[in-house]
Structures are given as C-alpha cells and as structure tokens.
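Chemist: Sharing a structure below in structure tokens format, with a few things to ask.
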C-alpha cells in the first residue's frame with residue numbers, strides 16, 4: 001500500500017501527500033508531509049465522508065465516490081476505495097485536477113484489489 005502511495009506522489013508533482021484511512025477514521029497507510037498531523041487528517045476525512053455520503057444520497061440518489069475541498073494552500077481530495085476505506089490526496093493550489101483525478105482513479109483501482 002505504501003508503494004502505491006509513493007507511486008502516486010512520484011507521477012504527479014502536484015501531489016504533495018496521500019493517505020489511506022478507514023471509514024472509521026483510522027490511518028491504514030500514509031505518505032503525508034511531516035508537518036501534517038495524520039490523526040487530524042484521518043478524523044477530518046471521516047467527517048467529510050459523512051457529509052459527502054449524505055449529499056450524494058439525498059441529492060443525487062447514489063453513493064459518494066469522490067469529493068474535494070479547495071483552499072488557498074491547495075486541494076484535499078477524498079476518494080472511496082471499496083466500502084471500508086478512503087484515499088486522501090493533498091495537492092498544490094495550482095494542481096492540474098484532470099491529471100490528478102486520472103492518477104487517483106488508477107491508484108484506487110490498484111488499492112481496491114488489496115483492501
């Protein structure tokens with residue numbers, strides 16, 4: 001799993017970190033910058049998942065696959081990996097999202113096979 005996270009960061013200079021977390025908010029694997037608190041990221045991801053799932057279900061009638069938040073420092077992208085885990089990706093503010101989303105989709109496919 002760590003290797004997949006490393007590959008994700010190495011293929012895109014726009015990706016500054018990533019982590020796999022359980023839907024309960026526990027870190028499974030992480031490749032986040034040192035200054036970022038893993039537990040804080042995993043807890044917030046679980047909270048964002050709850051909101052994303054509710055929006056997807058209530059407004060779109062389906063399951064949440066991906067959600068993201070844009071801030072001055074960059075993007076936080078949350079992707080479902082199976083029913084029990086999430087891939088969190090942090091990017092630079094000027095990230096080329098189309099390419100980042102493509103790289104994420106490829107890694108989600110790989111991660112789904114081992115989760």
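Residue numbers (UniProt numbering): 1 to 115. Just so it is clear, CB atoms sit at the ideal spot from N, CA and C, and this is done for glycine as well.
1) Let me make sure I understand the geometry here. Which of 28, 75, 72, 87 has the alpha-carbon closest to that of residue 65?
2) Candidates 18, 54, 113: which alpha carbon is nearest residue 100's?
3) What residue does the alpha helix (DSSP H) around residue 46 start on, and which one ends it?
4) Going straight from the alpha carbon of residue 113 to that of residue 4, what length do you get?
5) Could you name the residues that DSSP lists as bridge partners for residue 88?
6) Residues in the same chain with beta-carbon distance under 8 angstroms from residue 9, minus the five sequence neighbours each way, listed in chain order, please.
7) Helix, strand or coil, according to DSSP, for residue 8 in the structure here?
Modeler: For this structure:
1) Minimum Cα distance to residue 65 is reached at 87.
2) 18
3) 38 to 60
4) 12 angstroms
5) 19, 78
6) 15, 16, 17, 18, 31
7) It is helical.
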